[in-house]
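Protein sequence lines, in the order shown, are assigned to chains W, R and A. Oh and the first sequence: position 5 is 5 in this note's numbering, straight run, nothing missing. Oh and the second sequence: position 27 is 237 in this note's numbering, straight run, nothing missing. Oh and the third sequence: position 194 is 614 in this note's numbering, straight run, nothing missing. Note that the Cβ used here is the ideal one computed from N, Cα and C, for glycine as well. Structure first, then comments.
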Amino acid sequence: MFEIPSFVEILDFIGTFAFAISGIRLASAKSFDWFGAYVVGLATAIGGGTLRDLLLDVTPAWMIDPMYLICTALAMFFVILFRQYLIHLNNTFFIFDSIGLALFTVVGATKSLDLGYSFWVAIIMGSITGAAGGVIRDVFINEIPLIFRKEIYAMACVVGGIVLWLCYIVGFESYISQIACGATVFIVRIIAVKYKITLPILKGEPVDDK
Amino acid sequence: MFEIPSFVEILDFIGTFAFAISGIRLASAKSFDWFGAYVVGLATAIGGGTLRDLLLDVTPAWMIDPMYLICTALAMFFVILFRQYLIHLNNTFFIFDSIGLALFTVVGATKSLDLGYSFWVAIIMGSITGAAGGVIRDVFINEIPLIFRKEIYAMACVVGGIVLWLCYIVGFESYISQIACGATVFIVRIIAVKYKITLPILKGEPVDDK
Amino acid sequence: MFEIPSFVEILDFIGTFAFAISGIRLASAKSFDWFGAYVVGLATAIGGGTLRDLLLDVTPAWMIDPMYLICTALAMFFVILFRQYLIHLNNTFFIFDSIGLALFTVVGATKSLDLGYSFWVAIIMGSITGAAGGVIRDVFINEIPLIFRKEIYAMACVVGGIVLWLCYIVGFESYISQIACGATVFIVRIIAVKYKITLPILKGEPVDDK
């Protein structure tokens with residue numbers, strides 16, 4: 001019955017766990033109850049992939065494999081049990097979250113290419129897979145989505161998607177291209193946070209009405 | 211032309227009406243115009259079923275049967291005509307809303323099983339059908355979704371779904387299992403509100419940033 | 421390679437540009453970064469059509485034709501370069517936005533009819549195509565959707581859809597019906613804003629809890 005998980009499955013689990021933790025912690029900061037925190041954690045973890053699969057017209061992964069629900073439940077217990085120590089684990093979660101971002105980007109982009117879509121669609125689908133869960137999370141906790149205002153987050157997915165594209169043009173093997181894509185997302189994200197690199201703010205004139 | 215509605219159709223109408231009333235009243239408390247109130251009422255009534263049908267890749271029921279649009283329009287007129295008496299009807303609406311929650315859960319879970327999905331997917335789909343409309347309503351009126359913070363609401367759907375599962379394992383007839391599921395949702399909801407039973411709040415440490 | 425765009429394609433471009441500008445300007449008023457502003461602009465421009473295509477179970481147009489992404493990028497550069505002059509262009513943008521609203525309504529309604537749906541579904545799909553992008557935009561910037569509280573906006577789509585219906589009943593040619601529909605949306609929108617015609621507000625009693 002039980003099979004040894006592959007390397008990709010382990011990365012997927014780590015990413016899902018980190019994304020769920022991020023949703024559950026933000027929900028707990030808003031005094032959500034256990035059910036609400038679980039739903040926000042789940043939406044953070046699977047929301048991006050679900051939106052991608054709706055757009056690609058395929059069945060979302062979590063409707064086939066219960067791993068995502070179980071992983072979110074584990075993240076929930078983890079937060080309940082260890083909440084006073086979590087703040088010391090921020091760096092660990094940041095690394096896990098970046099692993100998830102990288103893997104989700106690769107999975108989303110590859111799935112789109114396999115279905116015959118163009119590369120620019122694949123780049124968008126990779127970014128949606130990585131970043132849309134966080135947008136849904138922020139809508140649920142009634143905040144302006146974080147990725148629209150600070151930090152290089154979805155842009156790391158876009159850069160990774162472009163690297164994937166370039167690798168295909170050059171003619172690299174599929175798995176090498178995917179590793180290059182994931183590594184790019186991971187490194188761009190880490191460097192951006194470490195050196196506090198952000199995108200410029202779009203300064204606006206006051207909009208009077210509409 | 212006109213056929214006598216079945217018992218399930220009557221319950222469906224009552225549930226849709228109650229869900230629409232809930233959306234329209236909350237919209238009116240935020241000074242929405244008539245159009246906005248209608249849309250929020252409609253989204254509350256059909257939002258859960260629509261999300262479920264998008265996930266299951268079938269055509270949403272309201273795109274085939276205009277009953278849901280008409281029912282929401284009737285709910286709208288009802289609120290406009292009787293708004294000063296509505297507060298005295300809160301108990302009635304609460305019963306109607308619970309009927310809707312129960313029926314929508316049964317319909318959502320059964321539809322998923324009929325399409326060949328696992329029981330845990332059916333439980334989620336039942337809960338989405340019953341509770342996601344209220345989440346969309348709260349996003350539209352720019353509030354943190356109520357079901358994430360207080361009251362047993364979606365949890366009643368989850369419990370009902372589990373009862374449905376147990377009935378299938380035991381081997382009950384399909385219609386008996388469905389009645390047991392709906393009755394469970396209804397009773398759990400009523401008891402939870404009457405005895406003010408709530409889920410524990412997830413206490414959170416302040417999240418410094420991400 | 422390059423084909424001369426048709427009249428409808430030019431209108432589609434103008435509408436997409438105006439919708440994207442509206443999203444980007446509101447995002448800039450909330451200090452979004454460039455990425456966030458681009459995403460909000462894109463969601464405003466393509467959100468309605470995407471929701472419609474998910475409901476109709478067809479592939480969203482922007483996943484086939486990169487025009488929408490490019491047009492939003494042009495809108496972005498336009499706002500960055502000319503932001504201090506934009507306020508003087510408000511009337512121009514209002515006309516462009518109304519053109520977009522009219523065209524999107526016609527496209528959405530016609531697409532639904534071509535897929536064999538009833539006229540009342542087509543009216544809703546026309547309205548979703550025209551107005552849902554603005555709702556998504558307002559959810560992203562964490563405001564109550566503008567179209568729920570002020571101005572005749574989606575109602576212009578509904579009226580246009582009804583005109584389309586009447587034209588079909590009378591037996592007009594398809595293209596004449598579509599022009600009549602689009603012209604109606606455009607004129608209703610212009611008149612409503614010029615004469616400050618609004619829908620009545622739904623006055624609400626305070627809702628105590630649920």
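Which residues, in order along the region 18-41 of chain W, keep a beta-carbon less than 8 Å from a beta-carbon of chain R?
SER22, ILE24, ARG25, LEU26, ALA27, SER28, ALA29, LYS30, SER31, PHE32, ASP33, TRP34, PHE35, GLY36, ALA37, VAL39, VAL40
Have a look at W:LEU166 and A:SER448 and give me their C-alpha separation to the nearest angstrom.
Looking up residue 166 of chain W in the first sequence gives position 166. Looking up residue 448 of chain A in the third sequence gives position 28. Answer to the nearest angstrom: the Cα atoms are 32 Å apart.
Does DSSP classify R:ILE407 as helix, strand or coil?
Position 197 of the second sequence, counting from 1, holds the residue named residue 407 of chain R. Of the three classes helix, strand and coil, the one that applies to R:ILE407 here is coil, per DSSP.
If we cut at 9 Å on Cβ distances, does R:MET286 have a partner in chain W?
Locating residue 286 of chain R in the second sequence gives position 76, counting from the first residue. No, no contact with chain W.
Straight-line Cα distance separating R:LEU412 from A:LEU431:
Here residue 431 of chain A refers to the residue found at position 11 of the third sequence. Here residue 412 of chain R refers to the residue found at position 202 of the second sequence. The alpha-carbon atoms of A:LEU431 and R:LEU412 are separated by roughly 51 Å.
Is it buried or exposed for A:LEU535, if we count other Cβ within 10 angstroms and need 16 for buried?
Along the third sequence, read from residue 1 onward, the residue named residue 535 of chain A stands at position 115. Its Cβ having fewer than 16 others within 10 Å, A:LEU535 is exposed.
Going by DSSP, what residues sit across from R:ASP243 in a beta bridge?
On the second sequence, residue 243 of chain R is found 33 positions in, with the first residue counted as 1. Paired residues: A:ILE621.
Rounded to the nearest angstrom, how far is the Cβ of W:GLY100 from that of W:PHE19, given a contact under 8 Å?
Working through the first sequence from its first residue, we reach residue 100 of chain W at position 100. Working through the first sequence from its first residue, we reach residue 19 of chain W at position 19. About 5 Å separates the two Cβ atoms, so the contact holds.
Touching by the beta-carbon criterion (3+ pairs, under 8 Å), the region 149-162 of chain W and the region 71-91 of chain W:
no
Enclosing alpha helix (DSSP H) for A:SER518 [first to last residue]
On the third sequence, position 98 is the one that residue 518 of chain A refers to. Counting along the chain, the alpha helix (DSSP H) containing A:SER518 begins and ends at 510-534.
Chain R beta carbons: is any one of them nearer than 9 Å to that of W:LEU81?
Indexing the first sequence from 1 puts residue 81 of chain W at position 81. Cβ-Cβ to chain R under 9 Å: no for W:LEU81.
Cβ of A:ILE572 within 9 Å of Cβ of A:VAL613?
The count along the third sequence starts at 1 and reaches residue 572 of chain A at position 152. The count along the third sequence starts at 1 and reaches residue 613 of chain A at position 193. Against a cut-off of 9 Å, the Cβ pair of A:VAL613 and A:ILE572 comes out as a contact.
Step through the CB atoms of chain R and report whether any lies within less than 9 Å of the CB of W:ASP57.
Stepping through the first sequence from its first residue, residue 57 of chain W is reached at position 57. It does: the Cβ of W:ASP57 has a partner Cβ on chain R nearer than 9 Å.
Skipping 5 residues on each side, what residues in its chain have a beta carbon closer than 8 Å to that of R:TYR278?
Stepping through the second sequence from its first residue, residue 278 of chain R is reached at position 68. Only THR226, LEU252, ALA255, ILE256, ALA271, TRP272 meet the Cβ criterion.
Looking at R:LEU284 and W:TRP34, is the spacing between their C-beta atoms short of 9 Å?
Indexing the first sequence from 1 puts residue 34 of chain W at position 34. Indexing the second sequence from 1 puts residue 284 of chain R at position 74. Cβ atoms of W:TRP34 and R:LEU284: not closer than 9 Å.
Any C-beta of chain W sitting closer than 9 Å to the C-beta of A:VAL608?
Taking the third sequence and counting its residues from 1, the one referred to as residue 608 of chain A is at position 188. Chain W contact via Cβ: absent.
Of all the CB atoms in chain R, is at least one closer than 9 Å to the CB of W:LEU69?
The count along the first sequence starts at 1 and reaches residue 69 of chain W at position 69. True, the Cβ-Cβ gap to chain R drops below 9 Å.
Taking 9 Å as the CB-CB limit, is R:THR260 close to chain B?
This model lacks chain B altogether, as its protein chains are W, R and A.
When the Cα of R:ILE400 is compared with those of R:TYR327, R:VAL331, R:ARG262, R:PHE306, which residue comes out closest?
Here the question's residue 400 of chain R lines up with position 190 in the second sequence. The candidate whose alpha carbon is nearest that of R:ILE400 is R:PHE306.
Please report whether the beta-carbon of A:PRO565 lies at a distance below 9 Å from any beta-carbon of chain W.
To locate residue 565 of chain A, count along the third sequence from 1; it is residue 145. No, no contact with chain W.
In whole angstroms, give me the CA-to-CA distance for A:LEU474 and R:LEU261.
Within the third sequence, residue 474 of chain A is the residue found at index 54, counting from 1. Within the second sequence, residue 261 of chain R is the residue found at index 51, counting from 1. Going from the Cα of A:LEU474 to the Cα of R:LEU261 covers about 10 Å.
W:PHE13 vs W:CYS71 beta-carbon contact at 9 Å:
By one-based count along the first sequence, residue 13 of chain W stands at place 13. By one-based count along the first sequence, residue 71 of chain W stands at place 71. Contact flag set, yes.
For A:SER532 and A:LEU476, believed in contact at Cβ under 8 Å, the rounded distance
Here residue 476 of chain A refers to the residue found at position 56 of the third sequence. Here residue 532 of chain A refers to the residue found at position 112 of the third sequence. Their Cβ separation, rounded to whole angstroms, is 6 Å, which keeps A:LEU476 and A:SER532 in contact under 8 Å.
Answer with yes or no whether the minimum CB distance from R:ASN352 to chain W is below 9 Å.
Residue numbering aside, residue 352 of chain R sits at position 142 when the second sequence is read from its first letter. Answer yes: the Cβ-Cβ gap between R:ASN352 and chain W drops below 9 Å somewhere.
Reference R:MET286, options R:ARG235, R:VAL380, R:PHE396, R:MET365, closest by Cα:
Working through the second sequence from its first residue, we reach residue 286 of chain R at position 76. The option with the nearest alpha carbon to R:MET286 is R:ARG235.
Of the residues A:ILE441, A:VAL526, A:GLU429, A:ASN510, the one placed nearest A:ARG557, counting alpha carbons only:
Numbered from its first residue, the third sequence carries residue 557 of chain A at position 137. Among A:ILE441, A:VAL526, A:GLU429, A:ASN510, the Cα nearest to that of A:ARG557 is on A:ILE441.
Contact check, A:ARG569 vs R:PHE303 under 8 Å by CB: the rounded distance?
For the purposes of this step, residue 569 of chain A is taken as residue 149 along the third sequence, with counting starting at 1. For the purposes of this step, residue 303 of chain R is taken as residue 93 along the second sequence, with counting starting at 1. A:ARG569 to R:PHE303, Cβ: 24 Å. No contact.
Residue range of the alpha helix (DSSP H) that includes W:ILE87:
Translated into positions along the first sequence, residue 87 of chain W becomes position 87. Element bounds for W:ILE87: n/a, residue is neither H nor E.
For A:LYS450, which residues from the same chain have a beta carbon less than 6 Å from its beta carbon, with the 5 sequence-adjacent residues on both sides left out?
One-based indexing of the third sequence puts residue 450 of chain A at position 30. Cβ within range, chain order: ILE561.
Nearest to W:ARG154 (by Cα), restricted to the options W:ALA122, W:ASN91, W:GLY23, W:ALA131:
By 1-based counting over the first sequence, the position of residue 154 of chain W is 154. The identity of residue 154 of chain W in the sequence shown is Ala, whereas the question assumes Arg. Closest option to W:ALA154, Cα to Cα, is W:ALA131.
C-beta neighbour in chain W for R:VAL331, strict 9 Å:
Counted from its first residue, the second sequence places residue 331 of chain R at position 121. It does: the Cβ of R:VAL331 has a partner Cβ on chain W nearer than 9 Å.
Please state the DSSP three-state secondary structure of A:ASP629.
The residue you call residue 629 of chain A lines up with position 209 of the third sequence. With a pLDDT of 47 at A:ASP629, under the threshold of 50, the predicted position of this residue should be treated as unreliable, though the coordinate-derived value follows. Correct three-state label for A:ASP629: coil.
Please check the pair W:GLY48 and W:PHE104, which I expect to be a contact at CB under 8 Å, by giving their CB distance rounded to whole angstroms.
As a first step, residue 48 of chain W is located in the first sequence; it is residue number 48 there, counting from the start. As a first step, residue 104 of chain W is located in the first sequence; it is residue number 104 there, counting from the start. Rounded, the Cβ-Cβ distance is 6 Å, consistent with contact.
Using 9 Å as the limit for Cβ to Cβ distance, is W:MET125 near chain R?
As a working mapping, residue 125 of chain W is identified with position 125 in the first sequence. Judged by the 9 Å Cβ criterion, W:MET125 is not in contact with chain R.
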